[in-house]
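Have a look at the structure below before the remarks.
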Amino acid sequence: MRALVLDPDPVLRDDYPDPLPSSSESLIRVRMAGICGTDLELARGYMAYRGIPGHEFVGEIVIRPSQASTGKRVVGEINAGCGHCDLCFANLGRHCPNRTVLGILGRNGAFAEFLTLPDSNLVELPDSIPDELGVFVEPMAAAYEIFEQIHLGRNERILILGDGRLGALVGLVLWAEGYDPVIGGHHAEKLDLLTALSLKTELEQHLQPGFDTVIDCTGDPNGLRRAMELIRPRGRIILKSTAANPADFNLAPIVINEISIIGSRCGRFAPAIEALASGKVDPRPLISAMYPLTDALTALEAASDPQNFKVLLQMD
């Protein structure tokens, strides 16, 4: 099959072996995939990943264990736990120490014609959600995970640090749910687009301290440092970023100012699917470009351009 492979640098291959599903897995023909910041970090060496990246996808079931409902369009939870450890039994399979993670850890991902996932990871996509919206289910679920972890007060001063793909999506989700966050970033053109979508924005260098909650979506190892500068004492920092390079700065202000720091990763798909199906959240203005899989290397370059938001890969 054709696939974009990290080996360790990105290379497009047309002779990569087709995946073979296990007895509990489904074989999925990928229809469309989205490039996110984690994919770009993997290409830069994050986690020393080797294989096919990509974890935001819409696909079509070709083979499934039950032999039922083949041909259905699906999205997929990216973490596949072992099913036997204490964390899996506690319904925390996404933190299973033996898990694989689609396109990130131990499992080839979605920048290919086919992939495999446990059948239990798959969620059928309603007909009302086209492929170009369906690829946003996984990152939108990550945005909705914030509500699962903390209670946000309606009058809180909320800052989303970072005007990239994730920051913009978190902003749209919070705004749709009745909050009024500020998105801080370095790119005036992107901030202008977000302002046109009814979001409050501010150039990062103009931000003043005093926020109740700061959500770090920078993808930069120094994002936490900047969040610490902008949060009020006893405020909360939500970390959404992963980065290939380590950070090196003084963490003493976390103790001195009694700052709460919460790591936040994946979330349930149901709220994201409901928001997309109802039109409550419409991320289509964030789509900067779409490329065929044959132009995947060009697509990676486009996704690396800080002026772009979301770049999609179409497999057909």
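Take 111 as the starting number for the sequence shown in the numbering used here and just add one per residue.
All residues carry an ideal CB built from backbone N, CA and C; glycine is no exception.
Opening and closing residue of the beta strand (DSSP E) in which residue i lies
i: Ala113; result: 113 to 116
i: Thr323; result: 321 to 326
i: Lys420; result: 420 to 424
i: Gly295; result: 292 to 295
i: Phe224; result: 224 to 228
i: Ala143; result: 135 to 145
i: Arg69; result: The requested residue 69 does not occur in the structure, where the chain is confined to residues 111 to 426.
i: Ser398; result: 397 to 402
i: Gly277; result: Element bounds for Gly277: not the beta strand (DSSP E) but the alpha helix (DSSP H), 275 to 286.
i: Phe167; result: 166 to 173
i: Lys310; result: 310 to 313
i: Thr210; result: 210 to 212
i: Leu317; result: Run containing Leu317: none; DSSP gives neither H nor E here.
i: Leu232; result: 232 to 234
Whether residue i touches residue j by CB criterion (7 Å)
i: Glu314; j: Gly294; result: yes
i: Asn508; j: Ile162; result: Only positions 111 to 426 of the chain appear in the structure, and residue 508 is not among them; the question remains open.
i: Gly164; j: Ala252; result: no
i: Ala220; j: Val280; result: no
i: Pro381; j: Tyr254; result: yes
i: Ala113; j: Leu423; result: no
i: Ala278; j: Leu410; result: no
i: Glu234; j: Val184; result: yes
i: Val292; j: Glu312; result: yes
i: Lys182; j: Ile171; result: yes
i: Ser134; j: Pro207; result: no
i: Ser374; j: Ile270; result: no
i: Leu304; j: Asp326; result: no
i: Arg336; j: Phe359; result: no
i: Gly272; j: Thr328; result: yes
i: Thr193; j: Arg209; result: In the sequence on display, residue 193 carries Gly and not Thr. No, they are not a contact pair.
i: Leu122; j: Leu309; result: no
Start and end residues, alpha helix (DSSP H) containing residue i
i: Met250; result: 247 to 259
i: Ala380; result: 379 to 388
i: Arg336; result: 333 to 340
i: Glu242; result: 241 to 244
i: Pro363; result: 362 to 366
i: Glu266; result: Premise fails: Glu266 is in no alpha helix (DSSP H) and is neither H nor E.
i: Thr408; result: 406 to 414
i: Leu304; result: 298 to 306
Beta-carbon separation (whole angstroms), residue i vs residue j, contact threshold 8 Å
i: Met250; j: Val283; result: 6 Å
i: Val421; j: Ser398; result: 6 Å
i: Ile260; j: Ile372; result: 7 Å
i: Asp330; j: Ala353; result: 6 Å
i: Arg160; j: Asp117; result: 6 Å
Pick from the options that is closest to residue i, judged by C-alpha positions
i: Leu137; options: Arg204, Thr226, Tyr254; result: Thr226
i: Asn418; options: Gly274, Gly155, Asp229, Asn189; result: Gly274
i: Gly169; options: Glu242, Ala353, Asp330, Ala387; result: Glu242
i: Phe246; options: Glu411, Ala385, Asp405, Thr404; result: Ala385
i: Pro120; options: Ile260, Cys192, Ala158, Ala337; result: Ala158
i: Ser351; options: Glu151, Glu287, Thr404; result: Glu151
i: Ile188; options: Leu197, Lys300, Cys146, Glu166; result: Glu166
i: Leu317; options: Leu304, Glu248, Leu340; result: Leu340
i: Ala286; options: Arg264, Lys300, Leu301, Gln259; result: Arg264
i: Asp125; options: Thr404, Ala413, Ala412; result: Thr404
i: Pro127; options: Leu301, Cys146, Met111; result: Met111
i: Pro319; options: Met338, Leu309, Ser308; result: Met338
i: Ser132; options: Cys198, Ser176, Thr148, Gly147; result: Ser176
i: Pro236; options: Ile383, Arg394, Pro393; result: Ile383
i: Leu262; options: Asp149, Phe321, Tyr401; result: Phe321
i: Asp415; options: Pro129, Leu130, Cys146, Val115; result: Cys146
i: Tyr156; options: Asn201, Asp196, Ile214; result: Ile214
i: Arg394; options: Ala357, Pro240, Ala413, Ser179; result: Pro240
Contact test: residue i Cβ vs the ligand PLP heavy atom, cutoff 6 Å
i: Asn332; result: Judged by which ligands are present, the structure shown has none, so any question about the ligand PLP falls away.
Open item on the list: Would you call the stretch 360 to 368 in contact with the stretch 334 to 346, where contact means no fewer than 3 C-beta pairs closer than 8 Å?
Closed with: yes
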